Structure formats: structure tokens, C-alpha cells
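In terms of our numbering, the sequence shown is numbered consecutively and its last residue is 1138. No residue lacks a Cβ here, since even glycine has one placed at the ideal position from N, Cα and C. Keep in mind that this is a model prediction, so the values were computed, not measured.
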Amino acid sequence: MSLSPSTTDLLVELGGAAQLLAMVDAGERPHAVKHALSLGRYTDVSAEQLLALNPDLVLLWDGGETPRLLAQLQALEVPLWVATPKGMADIPRQLRDLGARLGRAERGEWLAKQFTERQAQLTERYQRVVPLRVFYQVWHRPMYTLGGPQPISDALRVCGARNVFAALSQAAPVVSPEAVLAANPDVIILGSDDAAQNTRFWQQYPQLAAAQKQQIWLLDTRQLERPSFQMIDAVEQLCEALRKAN
């Protein structure tokens, strides 16, 4: 069973959809896993619920699930496969590792190789002499961004940019508007739905480079935020968007 969208994506990409017994709900399901039982939202999942289903393996993302549930499953010695992606280089490793666990090592190796090759191609294609400074706003209240240990920080580097908060060690730190103004990004990427409000908020700071250049953008970041093989397509889309920036 799978307790996060990204581990479900990995399972489907490896051709193991038929092996999926149950999954958490997080938006529209891929057709290949329509048969799987619903566990509700990951915050509602209990160890007792999982034990009753007697899974051979539970897939989860360290950070997506509640720490309490993860600790409970470890204490109960439930078979676990835990994804811990800190950068894009971890995704090929995870494809190989999970592929081997599922009896799909050849598929995992092929996907890992394809991902690595495409990442190298994108890096060569989109590099800049002076990287773009990017503020990636996950949410506005409180103002969440992404720190350094994140695949998306790597994605920005691939695209010839840098996360202005990459030096922060937290995966999803809260920052202040003052900190953003001090970082003075060339581009602000809005990941939340309230684009109009957030765009107006940053436009009130004419000293901000992104406001001066009219580079405050709402991008569909859903796939970018789900680290699996499909992320490489989302990275290419990000690179194309940033290619237009100055």
C-alpha cells in the first residue's frame, strides 16, 4: 500500500500498479490504480487500519506522513519502504531500489538511466552564466518556501537558476516578506491558487527585481512537487518558463 502521492507515482511508473492494495486520497487517481482501496487522507490513516489489511509492504514518504504514524509502524515492525528525496539525484536511486523490492529491477534501472540522462541534457541546455535568483512561494499565510534539501532546489539549478533560500536547512521553512525583499529575487514563482492576491502583494514593492521585471508567475507546480520519474517532465516545463526570464 502507498501512503503518499509520490510513492504511488513511483509504483505506477515501475509497472507495479496491480500490486497496490490500498492508497491515500490526494486528488484524482491514475487510472491504473482505480482498483485500490481508499485509506482517506494520510492524516486520517491509523496503524490499526494498516495492520488489518496485512500489507506485504507499505510505501511512504518521510515528511509527508505524520511522524507518529511512521514511528508506530516502525515499532510494530511493519514492512516499510521509505522515500527520503533530498535532491534530484535521489530519484534514480529510489527507482532502482523500489524496482528491486517489487521484482521490477530491470524497469527501475531503465527509468533511472533515462531520468539521469534527461537531467544532464536539461542542465546543459538551460545553464546561464549568471543564475536567475528565484523565490518559490509554496503558500502565503504563513509564507512557506523551500529550503536547500529539496528536489525543487536542484530543479532550479538544472534550469540555470538558484533558490534564494537554498541555504536554509529546513525542507519547508517559513520566511518573512522582509527576508524576500532582502534576497531580491529576479523571479517569484507562486505555487498557491490565490494568484491574484499574491501577485498584488508583491507588486506593492517596486524595489523588488521580480516586480520591476513583471516576473511574478503562477505555475502549475503539482507534478514538480511529487518526486518520481514524472518530475523530469515538470522540470523541463519549469526550465522553459524560466528561459523567458531576465
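Counted within 10 angstroms of its Cβ, other Cβ atoms place residue i as buried (16 or more) or exposed
| i | result |
| --- | --- |
| D1078 | buried |
| T976 | exposed |
| V1030 | buried |
| S894 | buried |
| G1083 | buried |
| L942 | buried |
Limits of the beta strand (DSSP E) - the one that residue i falls within
| i | result |
| --- | --- |
| Q1029 | L1024 to Q1029 |
| V1079 | V1079 to L1082 |
| L951 | V950 to W953 |
| A975 | L972 to A975 |
| L1110 | I1108 to L1110 |
Distance between beta carbons of residue j and residue i, contact taken as under 8 Å
| i | j | result |
| --- | --- | --- |
| Q1042 | I1124 | The Cβ separation is near 16 Å, so there is no contact. |
| A928 | A914 | 6 Å |
Reference residue i, options the options, closest by Cα
| i | options | result |
| --- | --- | --- |
| E1016 | P1065, L965 and C1051 | C1051 |
| L1024 | L1100, L990, R1135 and A963 | R1135 |
| K1105 | L1111, Y1097 and D1112 | Y1097 |
| A1140 | A1074, P959, Q1099 and L903 | In this structure the chain extends from 893 to 1138, so residue 1140 is not present and cannot be described. |
| A1053 | A918, A1137, G907 and D948 | A1137 |
| E1070 | A1088, R1049, F1093 and Q1062 | F1093 |
Host alpha helix (DSSP H) of residue i (start-end)
| i | result |
| --- | --- |
| N1090 | A1087 to Q1095 |
| A1053 | Careful: A1053 lies outside any alpha helix (DSSP H), inside the beta strand (DSSP E) at A1053 to N1055. |
| L942 | A939 to L945 |
| P959 | P959 to A967 |
Beta-carbon gap between residue i and residue j smaller than 9 Å
| i | j | result |
| --- | --- | --- |
| P897 | R1049 | no |
| N1090 | L1116 | no |
| Q1122 | L994 | no |
| E905 | S1120 | yes |
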